[in-house]
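Engineer: Chains as they are written, first to last, in the numbering used here: chain Y, 1 to 518; chain Z, 1001 to 1504; chain W, 2001 to 2081; chain S, 3001 to 3265; chain G, 4001 to 4141.
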Amino acid sequence: MSDHLPVLVLLAPLFGAIAIGLFGMRDHRVCLPVVLSALVLSLCCAIGIVLKVHAGGTLDYFVAGWKAPRGIGIVLRADAINSPILVVIAIVAILAAVFTVRHAGERDTEKTPHFYILFLLLCVGLFGITITGDAFNVFVLIEVTALTSYGLIAIGGSKRCKVAAFHYLIMGTVGASFYLIGVGYLYLKLGSLNMQDIHTILASNESLADSRAIRTAFVFILVGIWTKMAFFPLHGWLPNAYSYSPSGSAAILAPLVTKVSVYVMVRMMVSVFGLDHLEANVEWGHFVVWLAIIAIAAGSTMALAQREIKKMLCCLIIAEVGYMVGGAWLGDPQRWGLTGTVYHILADALMTSCLFLAAGAFAKWHGAAKLEDLSGLFRKMPLAATGFVVGGLAIIGVPPTCGFYSKFYLIRGAIEAGHWVYVAALLASSLVNAVLFFRIFEIAYFGKNPVESHGHGDDHGHDHESEPVVRREPPLHALIPLLAAAALVILLGLCNGTVVEFIRTGLIETATVVSTGR
Amino acid sequence: MENSVHSYLPLWACLASLAAVPLIVLFRREIFLRELVTFGAGALKFAFVLAMLPIILEGKVIVLTLVDGIGGINVPIAFRVDGLGMLFALVASSLWILTSLYAVGYMRGLHEPSQTRFFAFFALSLCATLGVAFAGNLFTLYLFYEMLSLSTWPLVTHHQDKEARTGGRTYLSYLLGTSIAFALPAILYTYVRSGGEVAFGPEAILAESNLDYWPALALLLAFAFGFSKAGLMPFHSWLPGAMVAPTPVSALLHAVAVVKVGVFCIIRVVTGVFGVDLLGRLGVNDVLAWIAAFTVITSSLIALTQDNLKRRLAFSTIGQLAYIVLGAALITKLSLTGSVLHIAAHAVAKITLFFCAGAIFVATGKKYVSQLAGLGRTMPITMGAFFLGSLGVIGLPPSLGLISKFHLVVGAADAGEIALLCVFLTSTLLNAAYFLPLVWIAFFPKKGSIPAELDRPFSWAGVREAPWACVVPLAITALLSTGLFFCSGFLQELTGQFIKGIGL
Amino acid sequence: MIVTFDIIILVFLVIAAIISLSVKDLLAAAMVFGIYGFLICLLWAEMGAVDVAFTEATVGAGVSTVLIIATILNTRRRSTD
Amino acid sequence: MKAKIFASIAVTITGAILLYAVTDFPNFGDPRSPANAGVEGGSSSASLYYIENTYRDTKVPNLVTAILADYRGYDTLFETVVIFTAGMAIFAILRVLRNEDAPSAPDPESTNRTIDGDHHRIIVGITCRIAVPLVQIFALYVVAHGHHSPGGGFQGGVMLGASFILIALSGSLRDALARFSEASYIRLASLGILIYAGVAFLPLVFGRNFVDYGALRGLLGTEGEEMARSHGIFGVELGVAFTVMSVMFAIFANLSTRGRLKGGL
Amino acid sequence: MEAFFKEAVVPHFNFWIYVIIMMIGLWSVIAKNNLIKKLIGLSIFQTAILLLYVSLGVKEGASIPIIDHHAAERSLVGDAGAINPDLIANPVPHVLMLTAIVVGVATLGVALALCQMIYKDFGTLEEDEVLQKIKALHDDV
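In structure tokens, the structure reads:
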């Protein structure tokens, strides 16, 4: 069975969803075990893929067995770039699933099975996007992801989430359609949908690669994916969609959907259009990096203006997307920027997961939607607050969390590419993040209105203890994923060397594909 | 080429206090056990550090790579213990035990809240301090540096009132802000410039790179201001702000751990990143030296005007730190020796002074210099220790401060910087000016300047000292400061090993 | 494929699209949208894409229109634009 | 107004880029264009391969069906999943499970709550009652005959769904739901995907790749792998038809009653 | 002008129309105020993409992509001339567009469901009014 890991990784949640559809409607207790077992199975498969890729390089899986000629069937392709992302998707999904126990749909518990079906199908879509090697297949799976997202966002009870979902739907559909147009242009000029095939043709035919239609295709694919990942001028849907959705949905949507879109962009750059080709057109890269700088600045500025926790986190996502897009386009010869981007996909998924789990827990068990509501958090739920602190430190980029290392690789790439403004933007955004999070920590630690400073006399501190401090952590099913995410954030940081080494084998391998393609 | 030994001792020394954190939290209800854990961890830590001492004294270097780097891409978390790190670790870990004792007395004496958190973060910050001391490369250094900033924040803001919030805000925004804005880019630039090499070794990281004057200057200043724990002006104002912390915190962290980490980092940067040769060739160290000199004089002048005792001590600290930086910036053998020794000398002297300030506050609730008149009669041990401590800071015999200052002054002369020599001497006078009168009126108050009931001849019956747990540590540190004057041999040897290691 | 036929349908297609988007009565817009669906279905058939034409006839012209009408009847028929 | 200006700018830019590319296109209807015949340097064109070899590989004359369910069967699986997802998402969004919220105030403009305004539906009702079985039979034919003529699971499934919609439109939704209840359409939709995924998964049991129906030769007792593929395609189409039928009806039922499944248009 | 028309427009007539239809759709998605109108625009936008794909698979004078049994059987015995690829339309775009149509109707269904919910909550389907009412919600909180 181990040959079939690339397809099993997404079949597990698919069959899980079917099982819930068949048996879960009547007895809701079936849902959670099914979800967890399906996702754990996926996790095992994903780890298996990583191990196989580590041992034997890129893994091709020919669906329906159509191997030759290339491009008649659909091929799944696991390499060193996407296999770690599969693992992270599975992990984040498991954490979010555990978190949603007992408050899946929040409004109607009767909709629990539907929530979990959408949840699992979302995972199917994400796994599928990550592992596929076919440009059109990406579109279909993007739509699976998108439709499930709309459902997961709008399943909540609030009035605003419906409008947010509607806007997301419009933007998302237009984005996906743009992607489809791009793929259509590629097909029109090259007659192929297989990514590797397209890459070979483009690499061997310079004039074709520079033709107007192919350039337009690239532009449309990029704009489409940028819409999906909420890259700055196209970010409009994101803040509302993720902040008004139920916590359980946000815990899986916010960390994964944008990151997987970033991955699609990286995939398009690396194994469709080819890095050599992009590096030959430096001015494109510079232009996109400038856009990314604007995105970082805008995301950070917007985050400063927010008074709600989730909205602030959403604005941070926008800034983080800016990091990743910029890093991918730096075009430094050693590809450190790209390495940093891929590593940041992993890191940011975990960090965002940690933060959104925490925000969800605070909203549910502390009643905190706004920053001011967090006062007294450290006393009430110290462990949950610790998890949040770790997530925050990671976003700021404090070692040894993974956020530090991803920034480090990105900055290294920028320095080698000589893009000093990008470096400055990254550091400035780190500082803004520091301000943002320490503002929260301060509120959580001191309370909303700290007592007037009293002389350091003998009666010191008694007024604190006079008000009884009730320590009430969130229940275990919320606390464990949160702390696990926090631990993973640190673990990924500590293991950054191994992970990055692994990713780089992928990037170098694709480079060799180019040379054999010629 | 370098005589290195592989050993896990530095790791254990770091982990000793880290492991204490969960135990402290676990025993939050059993106060006695909790404090026992603190002492136990302190003793263990000290033992580990002591165990390394003979190895270092033999002229060897302990290295340990924790998270291994593959293919030289990533940056491992690595330890490397040399003379400098050893000396700093020795100072920090030994003084932690004393501070713990003092803290128990102080916190109990004032019925401070949240003592568990206090001790837990105290232990954590010590772990970070030793991590900095033993850091084997720039990234490990930065990691523990940030960890120290963050873990001391709850200590500084311990009282959780408005004043603490303001102080904490200043504290963190200066430390974190400068480290992200200056130190991190500097590290990254170094990393890129050196071709991915950031490990400290016998050879300086940038020794081979042909930096020009201006980039080198920018890099040096970025490091110097980025490690703003060293308190170089204009990034010094976090230090007085952080004095809102309980006194044990001020004592250990702001006389020993935090600020010394700052200067330690700068010495590391000067010797380990740039290397004496490169700096000497480019001459950028002069700029750093003059910034330090400016800080020395200015902070001493400000200290003269401060009435709050802890603030006066804080500004004195800023000045003394600048001594160390100045010594390092002169890059002569003698001045560096003085610089390193001054870490130890100032640590024991200043911690004594802080302990005294705290003890006075615990016993009498007084915190202003103007209130101290006649206190020598009721608190003779404390004020005696204060006197010894101030001798150490000023650099008068018998104290370790004399030895270190002597080296610094001679080093300045050696470097031919007569102007800087004058700075040292002027500042010594200023030091004397802000400490000695204080001691004088404490013991010999002017007639009528103090309440009548205090104005009587000294007798042991009138003594109202702070709790013994406060007094014993300060007596010990005062004696240490004096005693080390007589047996400073092993410190000088450690320093010598370090100087030899960097090839001077 | 017959070019004349092709061109005629395409022109009608554009007209249908414009009408469907400019009518203020949503029900009428939905009906014109249905017509648009049938026109495009014709176009597919004319271009040789029989399967697409079949699907478009059932889905695009049939079900989509019905769904839009169902929604309009459940909400409001008038629109400001 | 701002939206209109913005829209005009966006549309102009997009259109300009698209038209800029259009001039670079191969001529319309060119049989030798890259899409139709591949490019030099690439591997041989998939399109030509399909035209020349599909019948040999699968014994299915309708190329679209064969490609849809076999060569690109993986895509189609997710296409079915999209449909299923839409059904679930609409349920999650719209379905009212408690009778908590009072119906919103009747809108003066939409007083004509039913299409024909009144209850005299005899003619319509009877016509539809005659039409529905015919539609359903034709739909089954479309599903089954997809190998040889236009059609297949999607088209047939939509028609089957439409037949139930027709019942709901002509009579009332209650009649339609009596024949096809909520519990059963959700289950049938899941079952459809299960059939698809199951048929596609079976080859794994025989050690072959996903969707490789050729492996089912032994199981189906066919002569060669080609016929096994042909049968596999049929199985898959059946699954698609189930899902599409159920979901189409589900969407209509929910949309027409604002998720209450009571009343109807 | 005429040369341009002959070279750029006539051979690509379908593609020109596709761009026009798509722009009509896109414009109304952005500019229309009514949500249902937006959705109709979105559907038109999507059909324009179908038009692109199907157009690029068209072959002048070719037949539908269903193989005549006899020709197919002949091709199995190696009669090379039995199937002339130039005479059979390219099936790949058709396959892709079947998927796209289905995706389109699925999206439309979900969007209409959202519209109904928005109407239930806000009593209107005009975007500006909805946004105003949302702002009012903000003020309440």
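C-beta: ideal position from N, C-alpha, C; glycine also. On a predicted model such as this, the values are computed, not experimentally measured, just so you know.
For K3002 (chain S) and Q4132 (chain G), what's the separation of their Cα atoms in angstroms?
Structural biologist: When rounded, the separation of the alpha-carbon atoms in K3002 (chain S) and Q4132 (chain G) is 16 Å.
Engineer: Between which two residues does the alpha helix (DSSP H) harbouring I2002 (chain W) extend?
Structural biologist: I2002 (chain W) -> no alpha helix (DSSP H), and no H or E assigned at all.
Engineer: Considering only their Cβ atoms, is the gap separating G3156 (chain S) from A3139 (chain S) smaller than 8 Å?
Structural biologist: Cβ distance < 8 Å, so A3139 (chain S) and G3156 (chain S) count as in contact.
Engineer: P13 (chain Y) and S42 (chain Y) look like a contact to me (Cβ under 8 Å); what is the Cβ gap, rounded to whole Å?
Structural biologist: That belief holds up - the Cβ atoms of P13 (chain Y) and S42 (chain Y) are roughly 6 Å apart, short of 8 Å.
Engineer: Flag A2070 (chain W) as yes if its beta-carbon sits less than 8 Å from any beta-carbon of chain S, otherwise no.
Structural biologist: yes
Engineer: Is F1032 (chain Z) near the ligand FMN, going by C-beta to nearest heavy atom under 7 Å?
Structural biologist: For the ligand FMN, the structure offers nothing, since it holds no ligand at all.
Engineer: Determine the closest residue to S1339 (chain Z) out of Z:T1129, Z:V1270, Z:S1179, with distance taken between C-alpha atoms.
Structural biologist: Z:V1270
Engineer: Using a Cβ-Cβ distance under 8 Å, would D2025 (chain W) count as near chain S?
Structural biologist: no
Engineer: Which first and last residues belong to the alpha helix (DSSP H) in which S3256 (chain S) is found?
Structural biologist: 3225 to 3256
Engineer: Give me the residue from Z:V1263, Z:Y1368, Z:V1091 with the minimum Cα distance to L1141 (chain Z).
Structural biologist: Closest option to L1141 (chain Z), Cα to Cα, is Z:V1263.
Engineer: Quick one: give me the first and last residue of the beta strand (DSSP E) that L59 (chain Y) is part of.
Structural biologist: 59 to 62
Engineer: Can you check whether the CB of V3096 (chain S) is closer than 8 Å to the CB of G3259 (chain S)?
Structural biologist: yes
Engineer: Could you pull the DSSP bridge partners for N82 (chain Y) from this structure?
Structural biologist: Note: N82 (chain Y) sits in no beta bridge, so no partner.
Engineer: Which same chain residues, not among the five before or five after L3204 (chain S), have their C-beta less than 7 Å away from its C-beta?
Structural biologist: Apart from the 5 residues on each side of it in sequence, L3204 (chain S) sits with its Cβ closer than 7 Å to the Cβ of F3210 in its chain, given in chain order.
Engineer: At which residues does the alpha helix (DSSP H) containing A1089 (chain Z) begin and terminate?
Structural biologist: From DSSP, the alpha helix (DSSP H) with A1089 (chain Z) extends over 1083 to 1110.
Engineer: Spell out the partners DSSP gives V75 (chain Y) in its beta bridges.
Structural biologist: Y:F62
Engineer: Residues of the region 2053 to 2064 of chain W in Cβ contact with chain S at a cutoff of 9 Å, in chain order, please.
Structural biologist: A2053, F2054, T2055, A2057, T2058, V2059, G2062, V2063
Engineer: Spatial neighbours of H167 (chain Y) within its chain, please: C-beta separation below 6 Å, excluding the five flanking residues on both sides.
Structural biologist: If we look at H167 (chain Y) and ignore the five residues flanking it on each side, its Cβ neighbours are W237.
Engineer: For a contact meaning CB atoms closer than 8 Å, what does P1076 (chain Z) contact in chain Y?
Structural biologist: G497
Engineer: With a cut-off of 8 Å, does the C-beta of V2011 (chain W) fall near any C-beta of chain S?
Structural biologist: no
Engineer: With 8 Å set as the bound, which would you pick, yes or no: does the beta-carbon of L14 (chain Y) sit closer than that to a beta-carbon of chain G?
Structural biologist: no
Engineer: Quick one: using the 10 Å Cβ neighbour count with 16 as the cut-off for buried, is L3202 (chain S) buried or exposed?
Structural biologist: buried
Engineer: Assuming I503 (chain Y) contacts Y263 (chain Y) (C-beta within less than 8 Å), just tell me the rounded distance between them.
Structural biologist: I503 (chain Y) to Y263 (chain Y), Cβ: 12 Å. No contact.
Engineer: Between M4023 (chain G) and chain Y, is the shortest Cβ-Cβ distance under 8 Å, so that the two count as touching?
Structural biologist: no
Engineer: Roughly how many angstroms lie between the CA atoms of A2947 (chain S) and I3051 (chain S), to the nearest whole one?
Structural biologist: An answer regarding residue 2947 (chain S) cannot be provided, because it is not within the stretch 3001 to 3265 covered by chain S.
Engineer: Take G360 (chain Y) and list the residues in its own chain whose beta-carbon comes closer than 6 Å to its own, dropping the five residues that flank it on each side.
Structural biologist: S247, A251
Engineer: Name the chain G residues whose beta carbon is nearer than 7 Å to that of I170 (chain Y)?
Structural biologist: V4029, K4038, L4042
Engineer: Would you report the Cα separation of S3170 (chain S) and S353 (chain Y), rounded to the nearest angstrom?
Structural biologist: 50 Å
Engineer: Indicate whether at least one CB of chain W lies closer than 8 Å to the CB of S3047 (chain S).
Structural biologist: no
Engineer: Do the CB positions of T1129 (chain Z) and V1261 (chain Z) come within less than 8 Å of each other?
Structural biologist: yes
Engineer: Based on the DSSP output, what are the partners of S1004 (chain Z) in its beta bridges?
Structural biologist: Z:V1061
Engineer: Tell me the rounded alpha-carbon separation between A1043 (chain Z) and I1097 (chain Z).
Structural biologist: CA-to-CA, the gap between A1043 (chain Z) and I1097 (chain Z) works out to about 7 Å.
Engineer: Can you say whether E3237 (chain S) is buried or exposed, counting buried as having 16 or more other CB atoms within 10 angstroms of its CB?
Structural biologist: That one is buried.
Engineer: Can you pull the chain S residues whose beta carbon is under 7 Å from the beta carbon of L2067 (chain W), in chain order?
Structural biologist: Scanning chain S for C-beta atoms nearer than 7 Å to the C-beta of L2067 (chain W) yields I3251, F3252, L3255, reported in chain order.
Engineer: Would you mind reading off the limits of the alpha helix (DSSP H) that contains A3131 (chain S)?
Structural biologist: 3122 to 3144
Engineer: Indicate whether G1358 (chain Z) and T1247 (chain Z) have their beta-carbon atoms separated by less than 8 Å.
Structural biologist: It is a contact, given that the beta carbons lie within the stated cut-off.
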